[in-house]
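Undergrad:
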Amino acid sequence: MPAPALDLSLPATAAGIGEMLDRLEAFAEAAGLPPALASRLMLVCEELAANIAEHGAPAGARVMTLALRQEGAVLHLTLEDDGPDFDPLSIAPPSLGAALEDRAVGGLGLHFVRTLASDVRHTRLAGRNRLGLTIGQD
Amino acid sequence: MKVIDSGVEGVNLAALEGRLDTATVPAVEPGLLAMVAGKGLVLDLSGVRFVSSAGLRVLLKAAKAARAGGQRFAACGLQPAVHEVFEIGGFLQIIPVFGTRGEAIASFG
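Here the protein sequences come in this chain order: A and B. Just so you know, the first sequence maps onto residues 1 to 138 in the UniProt record's numbering. Just so you know, the second sequence maps onto residues 1 to 109 in the UniProt record's numbering.
(1) Indicate whether at least one CB of chain B lies closer than 8 Å to the CB of Met64/A.
(2) Who are the neighbours of Val85/B on chain A, taking C-beta pairs under 9 Å?
(3) To the nearest angstrom, how far is it from the Cα of Glu25/A to the Cα of Leu33/A?
(4) Could you tell me how far apart the beta carbons of Ala23/B and Gly18/A are, in whole angstroms, since I believe they sit closer than 8 Å?
(5) What's the C-alpha gap between Phe98/B and Ala104/B?
(6) Among Glu84/B, Val51/B, Gly55/B, Val42/B, which residue has its Cα nearest to the Cα of Thr100/B?
(7) Given this structure, state the Cα-to-Cα distance separating Val48/B from Pro93/A, to the nearest angstrom.
(8) If contact means a Cβ-Cβ distance below 8 Å, which residues of the stretch 58 to 76 of chain B contact chain A?
(9) Near Ala54/B, what residues of its chain come up, given a Cβ to Cβ distance below 8 Å and the 5 sequence neighbours on each side ignored?
(10) Distance cutoff 8 Å, beta carbons only. Does Leu33/B sit that close to anything in chain A?
(11) Quick check on this structure: which residue in Gly132/A, Phe86/A, Arg124/A, Ala73/A has the alpha carbon closest to the alpha carbon of Ser118/A?
(12) Where Asp85/A and Lys39/B are concerned, what is the direct C-alpha to C-alpha distance, given to the nearest angstrom?
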């Protein structure tokens, strides 16, 4: 049996993100992923895709693609977009200690990516951003 | 969003379901903010299976609006995956979280 895999090509919009999450939930169920791993997969993908839709799309990003390969308890992901050169890891981490009144949520999405994904690497290839990463259970 | 009678004067009770993410928050935000105007709010998240930073952003906005209006705001019934998102995002320190509706409502007393 081939390893479970998923390939998606979606518009870089909120609706595209909704469809991506629908497809990821269906994949997680079909592949029998443990709930914690499925949840981390969805969170990391949603945050990176939201970043593309929010910042990349106004600057020209139209399409994002996602390639997912499962290797036992580990998920390998490659996310690409056709927006301007941007490395999400270049954004400074947020201040999580701030009180309610001062708390800003900017940067929180990438904090989730940093916390839950490993081997995150950005490359620029033929006018596209390519982000490779790995998600495990702990 | 499902609005439920809290049984306590001055306290709204509402339940959210499904996913709270970039695609779904625009539909949820206006109703949520209306629920913290003039009353406290207990938000039951037991039917929510996924929250992203976009979902947290809306909850933070509601918490700030409640605080600005002198109202209480609490969440209850977090699923384990949602609890993890609150934890990593540092939200357990800024939004009071309880196991049940009853505990959350009682905390306003």
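Heads up, the beta-carbon is just placed ideally off N, CA and C, and yes, glycines get one too. Owing to the predicted nature of the structure, the values given are computational and were not obtained by experimental measurement.
TA: Well, looking at it:
(1) Not an interface residue.
(2) Ser39, Leu43, Phe112
(3) 10 Å
(4) So it is a contact: roughly 3 Å between Cβ atoms.
(5) 6 Å
(6) Ranked by Cα distance from Thr100/B, the first of Glu84/B, Val51/B, Gly55/B, Val42/B is Val42/B.
(7) 27 Å
(8) Cβ contacts with chain A: Leu60, Ala63, Lys64, Arg67.
(9) Leu20, Asp21, Thr22, Val25
(10) no
(11) Of the candidates Gly132/A, Phe86/A, Arg124/A, Ala73/A, the one whose C-alpha sits nearest the C-alpha of Ser118/A is Gly132/A.
(12) 46 Å
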